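Novice:
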Amino acid sequence: MGNKTNHKRANKVKAALARNAKWAQAHPLVQRYLSRVTIVGLDTECWPWTGVLQAKEKRAMLNTGGRQAVAARIGWELFIGPLASGECVCHHCDNPSCCRPSHFFVGSHKDNMRDRDRKGRQPLGEQRPSAKLTEIDVRSILGSAQSNKSLAEIYAVDPSRISAIRHRRAWRHLHEETTL
Ligand SMILES: [Zn+2]
-17 MGNKTNHKRA
-7 NKVKAALARN
3 AKWAQAHPLV
13 QRYLSRVTIV
23 GLDTECWPWT
33 GVLQAKEKRA
43 MLNTGGRQAV
53 AARIGWELFI
63 GPLASGECVC
73 HHCDNPSCCR
83 PSHFFVGSHK
93 DNMRDRDRKG
103 RQPLGEQRPS
113 AKLTEIDVRS
123 ILGSAQSNKS
133 LAEIYAVDPS
143 RISAIRHRRA
153 WRHLHEETTL
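As numbered in this note's numbering, residues -17 to 162 make up the sequence shown, in order.
1) Throw me the rounded Cβ distance for the Q50 and V34 pair, which I believe falls under 8 Å.
2) Does the beta-carbon of N45, which I'm using as the reference point, lie nearer than 7 Å to any heavy atom of ligand 1?
3) Determine the burial state of R121: buried for a count of at least 16 other Cβ atoms within 10 Å of its Cβ, exposed for fewer.
4) Determine, for R18, whether the minimum Cβ-Cβ distance to residues of chain C falls below 8 Å.
5) Taking only the alpha-carbon atoms, compute the straight-line gap between I62 and R55 and give it to the nearest angstrom.
6) Put V12 into one of helix, strand or coil per three-state DSSP.
7) Short of 6 Å in beta carbon distance, which residues of its chain neighbour C81, apart from the five on each side in sequence? Order them along the chain.
8) According to the neighbour-count rule (16 or more other Cβ atoms, all chains shown, within 10 Å of its Cβ), is R143 buried or exposed?
9) Distance, Cα to Cα, S79 vs P141?
10) Per DSSP, what are the beta-bridge partners of R49 in this structure?
11) Could you check the C-alpha separation between H74 and S126 for me, to the nearest Å?
12) Which same chain residues, not among the five before or five after A37, have their C-beta less than 6 Å away from its C-beta?
13) Figure out for me which residue from E69, L24, P83 and C72 has the closest Cα to the Cα of Q128.
14) Bridge partners of C163, per DSSP?
15) Tell me whether C80, by its Cβ, gets closer than 7 Å to a heavy atom of ligand 1.
16) Compute the minimum distance between the beta carbon of C70 and the heavy atoms of ligand 1, and state whether it is under 7 Å.
Shown next, in the form of structure tokens:
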């Protein structure tokens, strides 16, 4: 994937944000969040956090209401939806400083620990043996320019499942939405 394509996709994401500009302007927290990420185009690429990183685990942190909060939690609540108490925001990309909403998934604290454990031990592609796609995965797949085959490898599923998603035979309701 060349730089040109990357640039084009970055513009697409920025355009999607611009369409939501009114909403973003009405929320200073959205502005602060977006001013601290580096927006890049490819779905597999992380949005690095340019703000404060927690010393120990290098998690992205954002000051809200006078205290440092985990930026991924704030990002989830801003761009995806509310979190229940006890739910954690985990990273598909296993990069604690990444703040790209489509790289987040939500789990319990136990899931978070298990996820970390699993990712530490197993090679890429076998990370999710159950191969169960989440809504976030599907959003990433729909926004991706990669081939069915390479996406199938990334998500450890059969290429026919990627094809089904792209041809609206599965997860139809997500087609109309914008992927961040
Ligand atoms: Zn990431």
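Each residue gets a CB set at the ideal place from its N, CA and C atoms; glycine is no exception. Bear in mind that the values here come from a model prediction, so they are computed numbers and not experimental data.
Specialist: Answer, in terms of the structure:
1) To locate residue 50, count along the sequence shown from 1; it is residue 68. To locate residue 34, count along the sequence shown from 1; it is residue 52. Correct: roughly 7 Å between the Cβ atoms.
2) Against the sequence shown, residue 45 aligns to sequence position 63. No, ligand 1 has no heavy atom inside 7 Å of this Cβ.
3) The residue given as residue 121 occupies position 139 in the sequence shown. It is buried - the Cβ of R121 has at least 16 other Cβ atoms within 10 Å.
4) Any reference to chain C falls outside this structure, which holds one protein chain only.
5) Indexing the sequence shown from 1 puts residue 62 at position 80. Indexing the sequence shown from 1 puts residue 55 at position 73. When rounded, the distance between both Cα atoms is 10 Å.
6) Your numbering for residue 12 matches position 30 in the sequence shown. If DSSP states are grouped into helix, strand and coil, V12 belongs with the helices.
7) One-based indexing of the sequence shown puts residue 81 at position 99. Same-chain partners within the cutoff: V19, W29, W31, A42, A53 and G57.
8) Taking the first residue of the sequence shown as position 1, residue 143 is located at position 161. It is buried - the Cβ of R143 has at least 16 other Cβ atoms within 10 Å.
9) Counting from 1 along the sequence shown, the entry for residue 79 is found at position 97. Counting from 1 along the sequence shown, the entry for residue 141 is found at position 159. Cα to Cα, the separation comes out at about 30 Å.
10) Taking the first residue of the sequence shown as 1, we reach residue 49 at position 67. For R49, which the question treats as bridged, DSSP gives the partners T46.
11) Indexing the sequence shown from 1 puts residue 74 at position 92. Indexing the sequence shown from 1 puts residue 126 at position 144. Using only the alpha carbons, I get a separation of about 15 Å.
12) The residue labelled residue 37 in the question sits at position 55 within the sequence shown. Excluding positions up to five away in sequence, the list is empty.
13) By one-based count along the sequence shown, residue 128 stands at place 146. Checking every option, the nearest Cα to that of Q128 belongs to L24.
14) Any question about residue 163 goes unanswered here, given that the chain covers just -17 to 162.
15) The residue labelled residue 80 in the question sits at position 98 within the sequence shown. Flag set: Cβ of C80 near ligand 1.
16) Sequence index remark: in the sequence shown, residue 70 carries index 88 (1-based). Every heavy atom of ligand 1 is 7 Å or more from the Cβ of C70, so no.
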